[in-house]
Amino acid sequence: MTTTPADRRGLFNTNPDQRLRPGTPDRPWELWLTGPNTLLPMPDLATALMAAAEHNALSTDLDDGSPLQPVSYAVVLEHGYAWRREGAARSDVGIATPSLCWTARCSVCGDILEHEFIPHHPSPEDAADDAVGSCEWSRLPDGSLVCEHRDAAHDDARAQIHTEDTPEQPDGNQLPLL
Numbered sequence: 174m175t176t177t178p179a180d181r182r183g184l185f186n187t188n189p190d191q192r193l194r195p196g197t198p199d200r201p202w203e204l205w206l207t208g209p210n211t212l213l214p215m216p217d218l219a220t221a222l223m224a225a226a227e228h229n230a231l232s233t234d235l236d237d238g239s240p241l242q243p244v245s246y247a248v249v250l251e252h253g254y255a256w257r258r259e260g261a262a263r264s265d266v267g268i269a270t271p272s273l274c275w276t277a278r279c280s281v282c283g284d285i286l287e288h289e290f291i292p293h294h295p296s297p298e299d300a301a302d303d304a305v306g307s308c309e310w311s312r313l314p315d316g317s318l319v320c321e322h323r324d325a326a327h328d329d330a331r332a333q334i335h336t337e338d339t340p341e342q343p344d345g346n347q348l349p350l351l
């Protein structure tokens, strides 16, 4: 069996002739611990996956960041080969392209707009429009948002909206005050 990282690179190779087989061909399920180079027989796939998850989590927890620490992975083997679920290692699998997304936040209490989930939008304007349109949030004259909570701080913030909407000059239909 091989234990160096360079030698383990053929574990998931799609070409059968180049695929690494560190396990025993006549055992249906095994767990290969790469650090101590140990093969553990497993009764079935579910047990092997749970044991691998436990080992890998423990190995991660014990990692102190030292370059001298031995690296140990648990790999599930099926008839000696690294097990792959159906559909794994497709050619279109890769790293997702990150993109910015926006959500609405109340300028008074800091709450985030939530429905059954936290919606994310492609622009801050879309997030604000969703909050005002679907959740009865208020938009202040400066563009900040106020959620639907009813307390003194939120009511004071909402009062700015009505103050801005009320004209200072009397309307032509109004009677002058004496």
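Residue numbers 174 to 351, in the numbering used here, belong to the letters of the sequence shown in order.
Ideal Cβ placement from N, Cα and C applies to all residues, glycine included.
Which same chain residues end up closer than 6 Å to residue i when comparing Cβ atoms and leaving out the 5 residues on each side of it in sequence?
i	result
residue 346	none
Going by alpha carbons, who is nearest to residue i out of the options?
i	options	result
residue 192	241, 199, 328, 253	253
residue 247	235, 282, 258, 206	206
residue 321	305, 314, 235, 334	305
residue 208	244, 314, 280	244
Suppose you measure from the CA of residue i to the CA of residue j; what does that come to, to the nearest Å?
i	j	result
residue 285	residue 276	7 Å
residue 317	residue 295	18 Å
residue 185	residue 233	22 Å
residue 224	residue 278	43 Å
residue 348	residue 332	25 Å
residue 249	residue 258	11 Å
Which two residues bound the contiguous alpha helix (DSSP H) that contains residue i?
i	result
residue 277	Run containing residue 277: none; DSSP gives neither H nor E here.
residue 297	297-308
residue 222	218-235
Taking residue i as part of the beta strand (DSSP E), name the residues at either end of that continuous run.
i	result
residue 206	202-206
residue 214	211-214
Less than 8 Å between the CB of residue i and some heavy atom of the ligand MG, yes or no?
i	result
residue 208	Inclusion of the ligand MG in the displayed structure is not the case, the ligand content being empty and no account of it being possible.
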